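Below is one structure, written out as structure tokens; comments come after it.
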Amino acid sequence: MYRLERTLGPDEYQVTFLKAKSQYMADHPIPWDTHFRAGKCTKPELQGMAKDFYYWKLQVPIKDYAVLYGCPDIEIRRKWLPKAIEEDGEDIIGREHVPHPEYWLQFCEGVGLSREYVINAEPLPGVKFAVDHWTHTAAKSWLLGVAMSETGDSAKGIGRNLETIRKHYSWIPESALEFWRLHSEVDVEHSQLSMDILTKYCTTKELQEDCINAMITYLKIHRVMRDAVYLEYVVLGRNLPEGSQAR
Ligand SMILES: [Fe+2]
Ligand SMILES: [Fe+2]
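Under the numbering used here, the first residue of the sequence shown is numbered 697, with each subsequent residue one higher.
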């Protein structure tokens, strides 16, 4: 458990929160990420990841509505609502972007999967339990839900993955990469929003610690998801069933 010695001021808290995040990530490299960034993923491995992470992408709006439902502060709800709408598709308010899970499905098609297969597929148990823990935590505490959202340099990580795909997996068509392009931009704003809320609301040592621990739990959720994918598709070398391929 992450512990603080005293209550921190807002700026100091922000710095400490982000330092705890980068420290945890540096101390716990994830085998899937190392494999992916080194350009070593095969097509079946990328297909497995794409299929399994669809469940996670589907739950992002649910987590964001859980934050809205629990938050008693109208100012924060008004700031968070556009993000929730964005995730579920700004086309409902006359803007350009469709639901973000739809962009992920386009990526799944780009790696050669059938859209119907991905929509109907069961996630691996490790992915399911990790993601469900995330949405359930946000449903129990809106503030922890914010701490388990994009923070710090989340957008940079997505941008880095986009560069990796373009460099090492250039067989994936550029038209299938909108999910990555979009998030390397919008997550800059989303991360700032989370940090603004956390610095405003975490005014006691206990809340400050709870939110740092929630952020670390979110990093662990990422780790569990990626470990499940790495075990299934890289270590065990399992392929998706025949009907999974786009025709
Ligand atoms: Fe999104
Ligand atoms: Fe986002």
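Heads up, the beta-carbon is just placed ideally off N, CA and C, and yes, glycines get one too. Source: prediction; values computed, not measured.
(1) Mind checking which residues open and close the alpha helix (DSSP H) that includes Arg919?
(2) Just the C-alpha distance for Gln888 and Gly705, rounded to the nearest angstrom, thanks.
(3) In or out: Ala734 buried (at least 16 other Cβ within 10 Å) or exposed?
(4) Using a Cβ-Cβ cutoff of less than 8 Å, which residues in the same chain neighbour Ala716 once the five nearest sequence positions on both sides are dropped?
(5) If you check the beta carbons only, do Trp752 and Val827 fall under 8 Å apart?
(6) Inspect the beta-carbon positions of Met844 and Tyr914 and report whether they are closer than 8 Å.
(7) Report the residue ranges of all alpha helix (DSSP H) runs contained in full by the region 713-743; include only those spanning at least 4 residues, in chain order.
(8) Judging by CA-CA distance, which residue of Thr730, Lys824, Tyr709 and His886 is the nearest neighbour of Asn857?
(9) Cutting at 6 Å between CB atoms, please list the residues of its own chain near Ala817, excluding the five before and the five after it.
(10) Alpha carbon to alpha carbon, how far is Val814 from Asp892? Give it in angstroms, no decimals.
(11) Taking 7 Å as the cut-off, is the beta-carbon of Asp883 closer than that to any non-hydrogen atom of ligand 2?
(12) Considering only the beta carbon of each residue, do Leu742 and Ala942 sit closer than 8 Å?
(13) Any heavy atom of ligand 1 closer than 7 Å to the CB of His796?
(14) Per DSSP, Leu809 forms a beta bridge with which residues?
(15) Can you name the start and end residues of the alpha helix (DSSP H) that Glu874 belongs to?
(16) Quick one: Cα of His724 to Cα of Val823, how far?
According to the structure data:
(1) Note, Arg919: alpha helix (DSSP H), Lys901 to Val925.
(2) Each residue's alpha carbon lies about 18 Å from the other.
(3) Per the 10 Å Cβ criterion, exposed.
(4) Excluding positions up to five away in sequence, the list reads Tyr698, Ile908, Met911 and Ile912.
(5) Closer than 8 Å, so yes.
(6) The answer is yes: Cβ separation under 8 Å.
(7) Counting only runs of 4 or more, we get 727-733.
(8) Cα-wise, what sits closest to Asn857 is Thr730.
(9) Closer than 6 Å at Cβ, skipping near neighbours: Lys747.
(10) Rounded to whole angstroms, Asp892 to Val814 spans 36 Å at the Cα level.
(11) Flag set: Cβ of Asp883 near ligand 2.
(12) No, the Cβ-Cβ distance between Leu742 and Ala942 is not below 8 Å.
(13) In terms of side-chain proximity, the C-beta atom of His796 is found nearer than 7 Å to a non-hydrogen atom of ligand 1.
(14) Beta-bridge pairing links Leu809 to Gln941.
(15) Glu874 to Tyr897 is the span of the alpha helix (DSSP H), which, as asked, contains Glu874.
(16) Each residue's Cα considered, the two are about 18 Å apart.
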